Amino acid sequence: MNFAVIVFPGSNCDHDAYYIFKEVLNTSVDFVWHRQTDLKKYDAILIPGGFSYGDHLRTGAIARFSPIMDSIVKEAKLGKPVFGICNGFQILIESGLLPGALIINKNIRFLSQNVVIEVATQDSIYTRTMKKGHQLTMPIAHKQGNFIADKDTLTLLMNEDRIAFKYIEDDNTDSNPNGSMNSIAGILNKKRNVLGMMPHPERASESLLGSKDGLEIFKSIVGQS
Amino acid sequence: MKAKIYISYKEGILDPQGNTVNHALDSIGINKIKSVKVGKYIEMEFDNISKQEATDIADQSCRKLLANPNTETYTFEIVEQE
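Just so you know, the protein sequences line up as chains A and B, in that order. 1 is the number of the first residue of the first sequence in the working numbering; add one for each residue after it. 1 is the number of the first residue of the second sequence in the working numbering; add one for each residue after it.
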């Protein structure tokens, strides 16, 4: 598979993601600068974490108007996997590819800590190799990760089985540290090819980093088990 | 001419900043406040345009970029420069 890692001014997890594809999974991957407009040659697109445009106005609000976004929306509608992590999730929501909103954490702090999440659906390219209820440990690092949605949207997400990951309680971590509705950590679009999640699987993909649970998501995308 | 734009959270959206400010005010003896909301104030300046044009620009800016329709509402006023 040929991956594109999108780079905005202020992206800071782009190299981590690139490294996973290139060095850990040995797949082909390019950095794609946000001013480019063509993503046809890629099989999957990753929007990394960071602070695009300094988080000015609202997280993801300005990145959503970058030239590359039109082609990301186009490729997403064609069914290509588009995976947004942290700030990438915020950008996907601002662009309208995913519903709801990510507002400031319930304790108004920047949270940098490990969380335990569980796979809430197996029905996606990102989770197909894991069982529902499978637990993964990885870090979060954000201030605006508190997922909210109106009642109809929340019902729709549940009825269509589009909640990909949920925060769960563990001996060492808070359950749902940021206050997200229904403990939502990640959601899918209707076609199930677009995933946004706040936790960072790319920072938990080698044992040296304390956990390699995140790698399971990337392996699922490339079809390794 | 100027547009003065106010953006605030919709009713029912959790505003932890507003709640914290309210607690802080309470702790320094300023109480009897029912609730506090923290929003954004944005000012735009225009040269040589009509009030109608300024209204259209401000409205379009709010809809397309400045406010998130899922969580925020906006109001604005167009004023002649002081």
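Beta carbons: idealized from backbone N, C-alpha and C, even for Gly. Given the structure is predicted, the values throughout are model-derived calculations rather than measurements.
Residues sharing a beta bridge with residue i, DSSP
| i | result |
| --- | --- |
| Y167/A | I117/A |
| A3/B | M44/B and I78/B |
| I103/A | N146/A |
| Y9/B | E72/B |
| L188/A | L195/A |
| L111/A | H142/A |
| N182/A | DSSP output for N182/A lists no bridge partner at all. |
| I85/A | M197/A |
| N22/B | Answer by DSSP bridge pairing: none, since N22/B is not bridged. |
| E206/A | S211/A |
| I6/A | V32/A |
Exposed unless 16 or more other CB atoms sit within 10 angstroms - verdict on residue i
| i | result |
| --- | --- |
| D213/A | buried |
| K191/A | exposed |
| R162/A | buried |
| M197/A | buried |
| D14/A | buried |
| T155/A | exposed |
| P139/A | buried |
| A204/A | buried |
| V79/B | exposed |
| M158/A | exposed |
| G145/A | buried |
| F76/B | buried |
| P199/A | buried |
Simplified DSSP state of residue i, which is helix, strand or coil
| i | result |
| --- | --- |
| Y74/B | strand |
| H142/A | strand |
| A44/A | strand |
| V36/B | coil |
| N193/A | coil |
| T137/A | strand |
| A76/A | helix |
| D30/A | strand |
| G50/A | strand |
| N176/A | coil |
| S11/A | strand |
| M1/A | coil |
| Q122/A | coil |
| I28/B | coil |
| Q17/B | helix |
| S66/A | coil |
| T127/A | coil |
| L65/B | helix |
| K132/A | coil |
| T59/A | coil |
Contact belief for residue i with residue j at Cβ below 8 Å, rounded distance in angstroms
| i | j | result |
| --- | --- | --- |
| M1/A | T27/A | 5 Å |
| A149/A | A120/A | Their Cβ separation, rounded to whole angstroms, is 15 Å, which puts A149/A and A120/A out of contact at 8 Å. |
| I93/A | G49/A | So it is not a contact: roughly 14 Å between Cβ atoms. |
| I125/A | P81/A | 5 Å |
Neighbour list for residue i in chain A, Cβ cutoff strictly below 8 Å
| i | result |
| --- | --- |
| I57/B | By Cβ distance, chain A contributes nothing, its closest Cβ being about 16 Å from I57/B, past 8 Å. |
| L66/B | L57 |
| T20/B | I108 |
Within chain B, the residues that residue i reaches when beta carbons sit closer than 8 Å
| i | result |
| --- | --- |
| K106/A | L14 and P16 |
| G100/A | N70 |
| I91/A | Result: empty, since nearest Cβ-Cβ is about 13 Å, beyond 8 Å. |
| I45/A | Under the 8 Å cutoff, chain B gives no residues; its nearest Cβ is about 23 Å from I45/A. |
Chain-ordered neighbours of residue i on chain B, where CB pairs are closer than 9 Å
| i | result |
| --- | --- |
| I184/A | Those within 9 Å of I184/A in chain B number zero; the least Cβ separation is about 14 Å. |
| I148/A | I13, L14, N70 and T71 |
| A61/A | L65, L66 and N68 |
| I187/A | By Cβ distance, chain B contributes nothing, its closest Cβ being about 14 Å from I187/A, past 9 Å. |
Chain-ordered chain B contacts of residue i [CB-CB under 7 Å]
| i | result |
| --- | --- |
| I125/A | What I125/A touches in chain B: nothing, since even the nearest Cβ is about 26 Å away. |
Chain D within 8 Å of residue i, Cβ atoms only
| i | result |
| --- | --- |
| L208/A | Structure shown: chain D not included; protein chains present are A and B. |
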